[in-house]
Structure formats: C-alpha cells, structure tokens
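One structure is given below, encoded as structure tokens.
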Amino acid sequence: MAATTPLQQQACNHRALEVVSVLLLSTVVALSAAVITVAQGAGVGTVLTTSASVFLGVFTVGLTAITYVKHGS
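Position in the sequence shown (from 1) plus 50 gives the number in the working numbering.
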C-alpha cells in the first residue's frame, strides 16, 4: 500500500507581485518622461535626472499606497 502525502499548498507571494507591478509602472512612467523631455530638446543630463526622479517618485508613492491600502483597511 502506497503512503499518501498531504497536499502541498502553493503559496502566492502577493508582496512580490505588488512590488513587480509598481516597478513596471514606474519604469513605463519614467521612460515616458524621458521621451517627453528629449522631445523638448533637453540635454542628456537633464533627461537622466528627470527620468530618475520620476521613477523614484512613482515607485515610492506606489509602494506607499499599496502599504496604506493593505494595512489601513
């Protein structure tokens, strides 16, 4: 008689999915900001500074919003 094993539960790491989602959103917004800044004729330094600032801002606000919604409700 074969021994039966309990079903293995598959756990989904929602935090990792949330971080990846915010990371992708931040990247898209930063790239959009870079394209807009280049279209306005700005220099390379300005484009990099602007897109990095936008990326960090969107990423920070996104993770803060997710944390607030998860712990606030």
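Every residue gets a Cβ at the ideal spot worked out from N, C-alpha and C, and that includes glycine.
These numbers come from a predicted model, not from an experiment.
Cβ pair residue i, residue j closer than 7 Å
i: Val79; j: Val119; result: no
i: Val72; j: Gly107; result: no
First through last residue of the alpha helix (DSSP H) which encompasses residue i
i: Gly112; result: Val94 to Gly122
Contact belief for residue i with residue j at Cβ below 8 Å, rounded distance in angstroms
i: Thr100; j: Ala83; result: 6 Å
i: Thr87; j: Thr77; result: 15 Å between Cβ atoms; not a contact.
Proximity test, residue i beta-carbon vs the ligand HEM heavy atom, cut-off 6 Å
i: Val97; result: For the structure depicted, the ligand HEM is absent and the ligand set is empty, with no information on it obtainable.
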